[in-house]
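A.B. asks: This is the structure I want to talk about, given as structure tokens.
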Amino acid sequence: MNEAIVEDIIIKVIEEFTGNVNIKAACDCDDTINSIPVELSARHVHLSEEHIQELFGEPLVFKKELSQPGQFLSKQRLRLIGPKSVINNVAVLGPSRPSSQVEISLTDAKLLGVAAPVGQSGEIEGTPGIIMASTDSIVGLEEGVLVAGRHIHMPTSDARRFDVKDKEMVSVHLDTERPVIMENVLVRISDDFKLAMHIDFDEGNGSAWKNGVTGKIVKGAVKYNGI
Ligand SMILES: [Zn+2]
0 MNEAIVEDII IKVIEEFTGN VNIKAACDCD DTINSIPVEL SARHVHLSEE
50 HIQELFGEPL VFKKELSQPG QFLSKQRLRL IGPKSVINNV AVLGPSRPSS
100 QVEISLTDAK LLGVAAPVGQ SGEIEGTPGI IMASTDSIVG LEEGVLVAGR
150 HIHMPTSDAR RFDVKDKEMV SVHLDTERPV IMENVLVRIS DDFKLAMHID
200 FDEGNGSAWK NGVTGKIVKG AVKYNGI
């Protein structure tokens, strides 16, 4: 059991005995207990083994670990060629996937000229294709271009703490310079995950995201101030 869970239990017990719902504010324990790290997911490509071979003629070369266990940034880069323009130097993430998938922002989609829908990773049926080029080779992807929907990776221990279920949609308040409440955030629960919320570049820039930003799940109906 990690420290955050123990702290949460202690707070709940104290609240029950004292009826003090503001115990967190009253004590000097920090407020990070319910915070979810928010990470920016830049445009990237996942490739099938077949496409890795076709494009690079060798396996992906490890460059850097990513926050989710087992996921890594490779040294390889790709060029995306759309009907309207080209985006160079696109990151390729490993390990390989059963199907290749290109995750871009809505701004990228407009620039490239592809009608990429907002969808969750792996939901590639009916999505548009694109041309992917390495320095040596070219692959025409039939489908697999999407704008990744905002989501939270959550281990089961955190799911109990936050009282959420796998595939539940939640709203999350982002503690940024331009604070926002993001709705329709998909919770994905697995003990293979490390706790993190992923948003894309457009969402990050729109909310003035920067490193270290955290989010909090907003329970119940989202209330708007003013009108
Ligand atoms: Zn993610």
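Under numbering that gives the first Met the number 0, the sequence shown has 65 at position 66, and the numbering climbs by one with no breaks. Every residue, glycine too, gets a C-beta built ideally from N, C-alpha and C. Since the model is a prediction, treat every value here as computed from it, not as a measurement.
Less than 7 Å separating the Cβ of S34 from some heavy atom of ligand 1?
C.D. replies: Sequence index remark: in the sequence shown, residue 34 carries index 35 (1-based). S34 Cβ: outside cutoff for every heavy atom of ligand 1.
A.B. asks: Do S99 and ligand 1 come close, with the Cβ less than 7 Å from some heavy atom?
C.D. replies: Against the sequence shown, residue 99 aligns to sequence position 100. S99 Cβ: outside cutoff for every heavy atom of ligand 1.
A.B. asks: The beta strand (DSSP E) with R187 in it runs from where to where?
C.D. replies: Translated into positions along the sequence shown, residue 187 becomes position 188. Start and end: 179 to 188.
A.B. asks: Quick test of your reading: L65 and L92, contact by CB under 8 Å. State the CB separation rounded to the nearest angstrom.
C.D. replies: Reading the sequence shown from its first residue, position 66 is the one you call residue 65. Reading the sequence shown from its first residue, position 93 is the one you call residue 92. Rounded, the Cβ-Cβ distance is 7 Å, consistent with contact.
A.B. asks: Taking 7 Å as the cut-off, is the CB of S40 close to at least one heavy atom of ligand 1?
C.D. replies: For the purposes of this step, residue 40 is taken as residue 41 along the sequence shown, with counting starting at 1. Yes, the beta carbon of S40 sits closer than 7 Å to at least one heavy atom of ligand 1.
A.B. asks: Can you find a heavy atom of ligand 1 that lies under 7 Å from the Cβ of H172?
C.D. replies: Locating residue 172 in the sequence shown gives position 173, where the first residue counts as 1. False, no ligand heavy atom lies under 7 Å from that Cβ.
A.B. asks: How is A158 classed by DSSP in three states: helix, strand or coil?
C.D. replies: The count along the sequence shown starts at 1 and reaches residue 158 at position 159. The answer is helix: DSSP assigns A158 an H, G or I state.
A.B. asks: Exposed or buried, what is D162 when buried is set at 16 or more other beta-carbons lying within 10 Å of its beta-carbon?
C.D. replies: Within the sequence shown, numbered from 1, the residue matching residue 162 stands at position 163. D162 comes out exposed.
A.B. asks: Using 8 Å for Cβ pairs, my map puts I129 next to V101. What's the rounded Cβ distance?
C.D. replies: Indexing the sequence shown from 1 puts residue 129 at position 130. Indexing the sequence shown from 1 puts residue 101 at position 102. With 8 Å as the limit, I129 and V101 qualify as a contact, their Cβ atoms being about 6 Å apart.
A.B. asks: For S66, which residues does DSSP report across the bridge?
C.D. replies: In the sequence shown, residue 66 corresponds to position 67, counting from 1. In DSSP, S66 forms no bridge with anything.
A.B. asks: Is D201 near T106, with beta carbons less than 8 Å apart?
C.D. replies: Taking the first residue of the sequence shown as position 1, residue 201 is located at position 202. Taking the first residue of the sequence shown as position 1, residue 106 is located at position 107. Contact flag set, yes.
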